[in-house]
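In the order they appear, the protein sequences are chains A and B. Just so you know, we're using the working numbering here: the first sequence kicks off at 1 and counts up by one. Just so you know, we're using the working numbering here: the second sequence kicks off at 1001 and counts up by one. Even glycine gets a Cβ: it sits at the ideal position worked out from N, Cα and C.
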Amino acid sequence: MISPEEIKKIADLARLELSLSETSRASADISAILEHFQTISTINTDDVTADTSTEVQNVMREDKACANILASPQELLANTKTTNGYVEVPGVFANIALP
Amino acid sequence: MKSVQEQLKKSLTAIQDWEASIGAFVEITEDEANRQVHALEGDAVLQQQPLAGQTFGIKANIATTFGYTNASSKILADYISPFSATVVNRLLSAGAVIVGKTQMDEFGMGSSTENAGLAPQTKNPWDVTRVPGGTSGGSAVAVASGEVDYALGTDTGGSIRQPASFCGVVGVKPTYGRVSRHGLIAYGSSLDQAGPITRTVRESARILEVIAGHDPYDATSSQLPVGKYVSACERGIEGLRIGVPKEFFAEGLDGEVATIIQTAIDQLKNLGAVIQEISLPLTPTAIAVYYLIAKAEASANLARYDGIRFEVGDSQQESLLEHYMRIRGEGFGEEVKRSILMGTYALSSGYVDEWYGKASKVRTLIRKEYEQAFKKVDVIVGPVSPEPAFLLGSKTTDPLSMYLADAYTVPVSVAGLPAMSVPCGMTKNMLPVGLQIIASHFQEEKMFQTASAYEDATSWKDLRPPLPK
């Protein structure tokens, strides 16, 4: 139902590098799962709107800086590689070595 | 009355006795626990709080500023959270002592704690050849073995209730929005809830009173006042209307489990409850509805793990895109990758209406079906799982069979209802079986009222697994 080629396309969308065996396994597994899930197509949902899971709506607060902050900028960046406070990322274009 | 120092020592000793056999913890945070004990000893006000000195395990997907918060995934292995989850802060304000981060299926995906991305493999203390259940397996075994007094787990499709059932302890999933999700590593944002795992019903009630309540950091948290769960435990169930869905007793339910559950229901009747059979015809569709929504939400929630913001990936000469692809391909386990693929597919152009859109509409119908049922009954009861704890490795090659085992827990999650598992028997192989008690939205009192009446009339809470040889 979902071919290995389609899996590869989805994996690219999801930014997942998969091996050939992972791709074929995923194709088999997900096809079997979705085939089973097709039963929901038999349920009549005319005039039914999607559930929102909660009744709360439009939860807002004043547009004002909070007195209590969760963490300082330093703490927030502690798990990231930074240079002079800027987050380091690999170059968008291939093979750019950082100084 | 034990001193807090002695309570911590008791926990650490139990961990020494048990941990090699059951692997409940991804990490023991002993230094932090000692610091918390020290703080308690110097603070007379804190010593008066409802959970003073009680030892806790916290599931590895709940943020703590101490230890690692990694959801048992390689992609977050050494991540230290800059803030603690609201539920953690509330426990600490109540005097709790946190001993460690408990093991789980990676990112909350699984039903057996066999999908952990990091060591150890958690095992059921009643039979170490069997799974503890998942995804809060570590939390359940830590409580069942006595390693800690209590634990927090999270439940998206059954991940507190099912391991509680498999390990013979009490586990509570609150109504969606009852407990803050701030600081939980998100799996399915319209489904996730944190909740207590304890030996007794009253202890869960007490902990829920501490952690529940509106949180300005969680826009989906309810403003409704927190219920009086502890006092609800004293009400008794004379005249309480209990619904038993016939769809929960259909094909697929293990015969021994069915008998144990029926005996528990008879006991509820003896305690004065009025039992009636009800029908929830959409029950068989709930697995499809749940997984399509959960995996779709997960694919969005896990998009942030890029090896840059949350973790420093090892540096290689590669482009940004290559970096994303490689880090995520290597850092996520198989079930997580499969989940992301399925979720991405269900949301993709050309397929979204058929899969995610359709599932979301059937979800509304499931919710309405329960609302209708709750016009006639106060609580709904049934099994938590179609079978008791299965053998390690017995379902890992068949993901669909693993999903189908969630048949009775996922409809509750999809409808946003509160539910709990309370021990109600043992199989002839000495494996625990839990009774699921489901209440209407924000009616956790009725759930505790029922569970407590049942617990008081039985002795399952006194059973303890023997230390494995």
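Would you kindly work out how many angstroms separate the C-alpha atoms of residue i and residue j, rounded to a whole number?
| i | j | result |
| --- | --- | --- |
| residue 1043 of chain B | residue 1052 of chain B | 11 Å |
| residue 1141 of chain B | residue 1173 of chain B | 17 Å |
| residue 1307 of chain B | residue 1351 of chain B | 29 Å |
| residue 1453 of chain B | residue 1270 of chain B | 11 Å |
| residue 1199 of chain B | residue 1358 of chain B | 40 Å |
| residue 1063 of chain B | residue 27 of chain A | 34 Å |
| residue 1075 of chain B | residue 1331 of chain B | 4 Å |
| residue 1004 of chain B | residue 1098 of chain B | 12 Å |
| residue 1066 of chain B | residue 1183 of chain B | 13 Å |
| residue 1148 of chain B | residue 1009 of chain B | 11 Å |
| residue 1450 of chain B | residue 1234 of chain B | 10 Å |
| residue 1040 of chain B | residue 1091 of chain B | 13 Å |
| residue 1323 of chain B | residue 1329 of chain B | 10 Å |
| residue 1134 of chain B | residue 1213 of chain B | 26 Å |
| residue 37 of chain A | residue 82 of chain A | 45 Å |
| residue 1101 of chain B | residue 1078 of chain B | 13 Å |
| residue 1405 of chain B | residue 1291 of chain B | 12 Å |
| residue 1095 of chain B | residue 1210 of chain B | 11 Å |
| residue 55 of chain A | residue 1299 of chain B | 24 Å |
| residue 62 of chain A | residue 68 of chain A | 14 Å |
| residue 1253 of chain B | residue 1193 of chain B | 26 Å |
| residue 1443 of chain B | residue 1434 of chain B | 20 Å |
| residue 1377 of chain B | residue 1123 of chain B | 37 Å |
| residue 1227 of chain B | residue 1241 of chain B | 20 Å |
| residue 4 of chain A | residue 21 of chain A | 10 Å |
| residue 1036 of chain B | residue 19 of chain A | 46 Å |
Would you kindly check if the distance between the Cβ of residue j and the Cβ of residue i is under 7 Å?
| i | j | result |
| --- | --- | --- |
| residue 1439 of chain B | residue 1446 of chain B | yes |
| residue 1243 of chain B | residue 1373 of chain B | yes |
| residue 51 of chain A | residue 1363 of chain B | yes |
| residue 1342 of chain B | residue 30 of chain A | yes |
| residue 1196 of chain B | residue 1207 of chain B | yes |
| residue 1186 of chain B | residue 1168 of chain B | no |
| residue 1205 of chain B | residue 1230 of chain B | yes |
| residue 996 of chain B | residue 92 of chain A | Not covered by the structure: residue 996 of chain B. The range shown for chain B is 1001 to 1469. |
| residue 1458 of chain B | residue 1161 of chain B | no |
| residue 1302 of chain B | residue 32 of chain A | no |
| residue 1072 of chain B | residue 1104 of chain B | yes |
| residue 1294 of chain B | residue 1188 of chain B | yes |
| residue 1163 of chain B | residue 1465 of chain B | no |
| residue 1415 of chain B | residue 1366 of chain B | yes |
| residue 1389 of chain B | residue 1166 of chain B | yes |
| residue 1021 of chain B | residue 1468 of chain B | yes |
| residue 89 of chain A | residue 80 of chain A | no |
| residue 1282 of chain B | residue 1369 of chain B | yes |
| residue 1385 of chain B | residue 1191 of chain B | no |
Can you tell me which of the options puts its alpha carbon nearest to the alpha carbon of residue i?
| i | options | result |
| --- | --- | --- |
| residue 1050 of chain B | B/1202, B/1449, B/1014, B/1178 | B/1202 |
| residue 41 of chain A | B/1288, B/1444, B/1108 | B/1288 |
| residue 1432 of chain B | B/1451, B/1460, B/1455, B/1408 | B/1460 |
| residue 44 of chain A | B/1236, B/1360, B/1091, B/1416 | B/1360 |
| residue 1130 of chain B | B/1113, B/1207, B/1327 | B/1113 |
| residue 1086 of chain B | B/1296, B/1217, B/1398 | B/1217 |
| residue 72 of chain A | A/61, A/64, A/85, A/60 | A/85 |
| residue 1317 of chain B | B/1291, B/1327, B/1309 | B/1327 |
| residue 1034 of chain B | B/1011, B/1021, B/1022 | B/1011 |
| residue 1236 of chain B | B/1227, B/1261, B/1210, B/1274 | B/1274 |
| residue 1356 of chain B | B/1370, B/1414, B/1212, B/1296 | B/1296 |
| residue 7 of chain A | A/55, A/23, A/65 | A/23 |
| residue 1107 of chain B | B/1397, B/1100, B/1070, B/1324 | B/1070 |
| residue 1462 of chain B | B/1397, B/1423, B/1441 | B/1423 |
| residue 58 of chain A | B/1221, B/1455, B/1095 | B/1221 |
| residue 1481 of chain B | B/1127, B/1279, B/1392, B/1413 | The structure shown has nothing for residue 1481 of chain B, since chain B only spans 1001 to 1469. |
| residue 34 of chain A | B/1393, B/1032, B/1285, B/1315 | B/1285 |
Checklist entry - With contact counted as at least three CB pairs below 8 Å, one residue from each stretch, are the stretch 1241–1260 of chain B and the stretch 1375–1385 of chain B in contact? => result yes
Checklist entry - Between the stretch 1013–1031 of chain B and the stretch 1115–1134 of chain B, do at least 3 Cβ pairs fall closer than 8 Å? => result yes
Next on the checklist: When you compare the stretch 1146–1158 of chain B with the stretch 1253–1262 of chain B, are there three or more beta-carbon pairs, one atom per stretch, that lie closer than 8 Å?
Outcome noted: no
Checklist entry - Which full runs of the alpha helix (DSSP H) of 4+ residues lie inside the stretch 1174–1215 of chain B, going along the chain? => result 1201–1211
Item to check | Sufficient close CB pairs (3 or more, under 8 Å) joining the stretch 1404–1422 of chain B to the stretch 1169–1186 of chain B | outcome: yes
Checklist entry - Taking contact to mean at least 3 C-beta pairs separated by less than 8 Å, is the stretch 1079–1089 of chain B in contact with the stretch 75–86 of chain A? => result yes
Item to check | 4 or more residues per run - each alpha helix (DSSP H) lying fully within the stretch 1314–1398 of chain B | outcome: Taking only runs of at least 4 residues, the alpha helix (DSSP H) segments lying wholly in the stretch 1314–1398 of chain B are 1320–1331, 1334–1347, 1358–1373.
Next on the checklist: At 3 residues or longer, what runs of the beta strand (DSSP E) sit wholly inside the stretch 31–89 of chain A?
Outcome noted: none
Checklist entry - Are at least three pairs of beta-carbons, each pair with one atom in the stretch 1334–1341 of chain B and one in the stretch 6–17 of chain A, less than 8 Å apart? => result yes
Item to check | Start-end ranges of the beta strand (DSSP E) lying completely within the stretch 1057–1127 of chain B, minimum 3 residues | outcome: 1097–1102
Checklist entry - Mind pulling the beta strand (DSSP E) runs of 3 or more residues that sit fully within the stretch 1015–1064 of chain B? => result As far as the stretch 1015–1064 of chain B is concerned, its whole beta strand (DSSP E) runs of at least 3 residues are 1025–1028, 1055–1059.
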